[in-house]
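>
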Amino acid sequence: NLDAQFTLVRISDKKVVLHGRSHGRAGFDRVTSIFANVRAREDAENRAAKTVGEELRTRLLAYLAQPA
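In this text, residue positions in the sequence shown follow the numbering used here: the first is 308, and each later residue adds one.
1. Short check: CB of Arg332 to CB of Phe313, under 9 Å?
2. Within the continuous beta strand (DSSP E) that includes Gly360, where are the two ends?
3. Identify the continuous beta strand (DSSP E) that holds Ser329 and give its terminal residues.
4. When the Cα of Arg317 is compared with those of His326, Val345 and Glu361, which residue comes out closest?
5. Which of the three DSSP states is assigned to Ala311 in this structure?
6. Alpha carbon to alpha carbon, how far is Ala311 from Val359? Give it in angstroms, no decimals.
Here it is, written out as structure tokens:
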């Protein structure tokens with residue numbers, strides 16, 4: 308599980324123009340090998356982080372595409 312909060316602040320007047328939360332979830336199967344479990348957990352964390360990053364990117368692009 309990965310939860311992120313973000314705030315976009317306009318530099319000129321320090322006004323918050325966009326804020327929100329994003330969540331990423333990724334599961335993995337446990338096996339008898341310790342190394343395989345560690346690797347699977349790292350891969351799941353990376354997938355969750357990628358999901359959150361893509362969502363944040365999309366939300367920022369949507370905001371920035373609006374007319375001023």
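Glycine residues also receive a C-beta, built at the ideal position from the N, C-alpha and C atoms.
Concretely, from the data shown:
1. Taking the C-beta atoms as reference points, Phe313 is found no nearer than 9 Å to Arg332.
2. Not the beta strand (DSSP E): Gly360 falls in the alpha helix (DSSP H), residues Ile341 to Leu371.
3. Lys322 to Gly331
4. His326
5. Under the three-state reduction of DSSP output, Ala311 falls in the strand class.
6. Spanning the alpha carbons of Val359 and Ala311 requires a straight line of approximately 7 Å.
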